[in-house]
Amino acid sequence: MLLFRNTPRTGVLQHARRARLRKRRALHLTDSFRGPSRPPMGVHGFATPMEQTYFRKGFGLKAEVKPLIDAEYHSAIVERIRARGYEDTIGDVTVRLAQEFGFCYGVDRAVDYAYETVHKFPDKKIYLVGEIIHNPHVNRRMTEMGIEFIYPAQDGAFDFGHVTGDDVVILPAFGVTIHDFNRLKEIGCILVDTTCGSVLHVWKRVEGYAKDGFTAVIHGKYQHEESRATASQALKYEGGKYLIVRDMDEAMLVCDYIAERDGHMTREEFLARFGGEKSSDGFDPDRDLLKIGVANQTTMLANESMAIGARVKEAMVERWGDDHAEEHYRTFGTICSATQERQDAVKEMMQDPPDVMLVIGGYNSSNTNHLAHMCREYTTTYHIEDAPCIDLEAGTIRHKPVLNATAPEDIETEWLPEGPFSLGITAGASTPNNKIGEALVRVLKIRGIDVEAAAGQAVARGGVEPAEA
Ligand code: SF4
Numbered sequence: 076m077l078l079f080r081n082t083p084r085t086g087v088l089q090h091a092r093r094a095r096l097r098k099r100r101a102l103h104l105t106d107s108f109r110g111p112s113r114p115p116m117g118v119h120g121f122a123t124p125m126e127q128t129y130f131r132k133g134f135g136l137k138a139e140v141k142p143l144i145d146a147e148y149h150s151a152i153v154e155r156i157r158a159r160g161y162e163d164t165i166g167d168v169t170v171r172l173a174q175e176f177g178f179c180y181g182v183d184r185a186v187d188y189a190y191e192t193v194h195k196f197p198d199k200k201i202y203l204v205g206e207i208i209h210n211p212h213v214n215r216r217m218t219e220m221g222i223e224f225i226y227p228a229q230d231g232a233f234d235f236g237h238v239t240g241d242d243v244v245i246l247p248a249f250g251v252t253i254h255d256f257n258r259l260k261e262i263g264c265i266l267v268d269t270t271c272g273s274v275l276h277v278w279k280r281v282e283g284y285a286k287d288g289f290t291a292v293i294h295g296k297y298q299h300e301e302s303r304a305t306a307s308q309a310l311k312y313e314g315g316k317y318l319i320v321r322d323m324d325e326a327m328l329v330c331d332y333i334a335e336r337d338g339h340m341t342r343e344e345f346l347a348r349f350g351g352e353k354s355s356d357g358f359d360p361d362r363d364l365l366k367i368g369v370a371n372q373t374t375m376l377a378n379e380s381m382a383i384g385a386r387v388k389e390a391m392v393e394r395w396g397d398d399h400a401e402e403h404y405r406t407f408g409t410i411c412s413a414t415q416e417r418q419d420a421v422k423e424m425m426q427d428p429p430d431v432m433l434v435i436g437g438y439n440s441s442n443t444n445h446l447a448h449m450c451r452e453y454t455t456t457y458h459i460e461d462a463p464c465i466d467l468e469a470g471t472i473r474h475k476p477v478l479n480a481t482a483p484e485d486i487e488t489e490w491l492p493e494g495p496f497s498l499g500i501t502a503g504a505s506t507p508n509n510k511i512g513e514a515l516v517r518v519l520k521i522r523g524i525d526v527e528a529a530a531g532q533a534v535a536r537g538g539v540e541p542a543e544a
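So that you can map any letter, position 261 of the sequence shown is 336 in our numbering, and since no number is skipped, the others follow by simple counting.
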């Protein structure tokens with residue numbers, strides 16, 4: 076595994092860059108990963124006009140990439156605890172895993188496609204629009220494999236100026252806006268679309284709203300890639316409109332406006348609050364809130380999304396009366412099943428909360444933030460971005476203490492209880508098992524537990540990164 080690390084990137088001349096890419100990818104690929112010979116290249120590489128340039132079902136190379144993915148993201152200690160019924164006592168720590176945690180089906184698929192893409196196009200420049208998923212470790216691995224990230228500007232716009240028709244561009248699991256998709260199609264590059272099926276499901280819903288003249292009110296974060304992409308689906312139809320509400324507080328402002336309740340915002344106040352990126356161009360609350368369809372970013376808090384749908388219904392009943400409200404609103408829960416299952420598992424665990432809860436996942440990961448937020452209501456919770464947030468030498472933990480994705484981290488010194496205690500663990504849908512295992516091993520080591528002696532060699536072998544073994 077150490078072979079695959081620390082490959083610096085530069086980018087000067089195309090020729091030299093490709094040579095380096097080939098070399099770097101060779102370093103990253105095991106023999107089995109090199110797989111079968113590639114089909115012959117056309118005059119423009121794989122992207123000749125007669126050849127397929129849009130892929131969303133992988134390249135049939137799953138078997139080739141599986142050994143590498145397993146080796147990179149697997150954790151023996153996590154599998155061992157899972158096999159023992161999601162609970163195990165190691166030393167004086169009772170470890171409890173949530174019944175559902177970590178990589179979801181959409182992330183599994185996106186990561187798989189990215190590895191397949193590297194294998195399929197060893198000679199091409201490969202870009203990724205934004206982050207493949209919101210996990211720093213996985214994204215770092217993508218960079219190490221030679222994939223170049225195209226990050227958005229502050230306003231969410233991507234600059235594809237340097238992408239050519241000879242390149243490959245991977246679209247992330249959250250999807251991209253219609254505008255960005257069309258721009259990439261115009262460039263003529265090869266597109267590998269890893270957009271999750273559950274996200275596509277929301278898109279269909281929003282598109283349907285727009286088609287039928289309903290404004291899509293999306294419960295989500297307006298700066299999140301998925302919400303931007305979902306909102307853009309409303310623009311497929313002329314006159315399509317959208318409005319993004321962050322939480323119940325914002326939803327209630329909209330409901331008060333719809334129902335014309337006392338103290339509701341004026342039109343100007345409404346536009347000041349929900350203008351810009353939170354709504355479609357030319358949004359007019361007097362015209363565009365008459366018919367509403369509610370949808371949500373797939374990773375929001377399920378309860379809050381459902382409650383928002385119910386409040387919108389109430390507002391419509393108030394405004395139009397029982398008999399006509401149905402003509403003015405539609406709602407459909409579009410939380411994905413993976414998010415729902417992870418939130419349900421945390422809810423179940425919190426019926427008997429552990430003494431300490433560890434939530435592992437990117438600080439910009441919506442679903443991880445929501446898991447941590449749920450746990451904080453019941454027990455001492457530490458949301459860490461990655462295993463090294465637990466400092467083995469100092470014995471401290473660096474964590475984000477609140478829901479806000481951009482909140483500063485805190486460092487705690489006395490964070491583990493004295494005497495035997497229970498440690499609950501969950502992780503966001505974009506957190507690989509090896510990072511969960513590594514975090515756990517760090518806790519055990521800080522606790523002074525000899526992991527190998529306490530849990531057997533298999534634990535230490537699979538749960539610890541080589542650098543720590
Ligand atoms: S969290 Fe849900 S929508 Fe997002 S990638 Fe995973 S399964 Fe798909």
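Heads up, the beta-carbon is just placed ideally off N, CA and C, and yes, glycines get one too.
Assigned secondary structure, residue i (DSSP; H/G/I helix, E/B strand, else coil)
i: residue 368; result: strand
i: residue 522; result: coil
i: residue 159; result: coil
i: residue 440; result: coil
i: residue 168; result: strand
i: residue 300; result: helix
i: residue 432; result: strand
i: residue 196; result: coil
i: residue 499; result: strand
i: residue 256; result: helix
i: residue 212; result: helix
i: residue 472; result: strand
i: residue 207; result: coil
i: residue 237; result: coil
i: residue 467; result: coil
i: residue 417; result: helix
i: residue 457; result: strand
i: residue 489; result: coil
i: residue 225; result: strand
i: residue 515; result: helix
i: residue 478; result: coil
i: residue 152; result: helix
i: residue 201; result: strand
Contact check, residue i vs residue j, beta carbons under 8 angstroms
i: residue 172; j: residue 157; result: yes
i: residue 264; j: residue 242; result: yes
i: residue 304; j: residue 291; result: no
i: residue 418; j: residue 446; result: yes
i: residue 244; j: residue 202; result: yes
i: residue 455; j: residue 432; result: yes
i: residue 294; j: residue 380; result: yes
i: residue 168; j: residue 496; result: yes
i: residue 504; j: residue 414; result: yes
i: residue 428; j: residue 453; result: yes
i: residue 383; j: residue 311; result: no
i: residue 387; j: residue 369; result: yes
i: residue 222; j: residue 240; result: no
Same chain only: Cβ atoms within 8 angstroms of residue i, ignoring 5 sequence neighbours per side
i: residue 211; result: 437, 460 and 461
i: residue 234; result: 225 and 228
i: residue 488; result: 469, 470 and 471
i: residue 299; result: 249, 372 and 441
Buried versus exposed, by CB contacts within 10 Å (16 or more), residue i
i: residue 441; result: buried
i: residue 214; result: buried
i: residue 257; result: exposed
i: residue 486; result: exposed
i: residue 191; result: buried
i: residue 296; result: buried
i: residue 444; result: buried
i: residue 361; result: exposed
i: residue 337; result: exposed
i: residue 112; result: Below a pLDDT of 50, predicted positions are generally treated as unreliable, and residue 112, at 35, falls in that range; the measurement from the model is reported next regardless. So residue 112 ends up on the exposed side.
i: residue 477; result: exposed
i: residue 218; result: exposed
i: residue 273; result: buried
i: residue 175; result: buried
i: residue 341; result: exposed
i: residue 402; result: exposed
beta-carbon residue i near ligand 2 non-hydrogen atom, thresh 7 angstroms
i: residue 264; result: Among the ligands present in this structure, namely ligand 1, ligand 2 is not found.
Chain-order list of residues whose beta-carbon lies under 7 angstroms from that of residue i (same chain, five-residue window excluded)
i: residue 148; result: 507, 508 and 509
i: residue 136; result: 110, 191, 194 and 195
i: residue 515; result: 152, 170, 500 and 538
i: residue 334; result: 390, 393 and 394
Beta-carbon contacts of residue i that lie in its chain and below 6 angstroms, excluding the five residues immediately before and after
i: residue 231; result: 303
i: residue 315; result: 285 and 309
Could you give the uninterrupted runs of the beta strand (DSSP E) lying entirely in the segment 322 to 407, keeping only those of 3 residues or more? 367 to 371 and 404 to 406
Which parts of the segment 264 to 315 are runs of the alpha helix (DSSP H), unbroken and 4 residues or longer, counting only runs that do not cross its ends? 272 to 286 and 300 to 308
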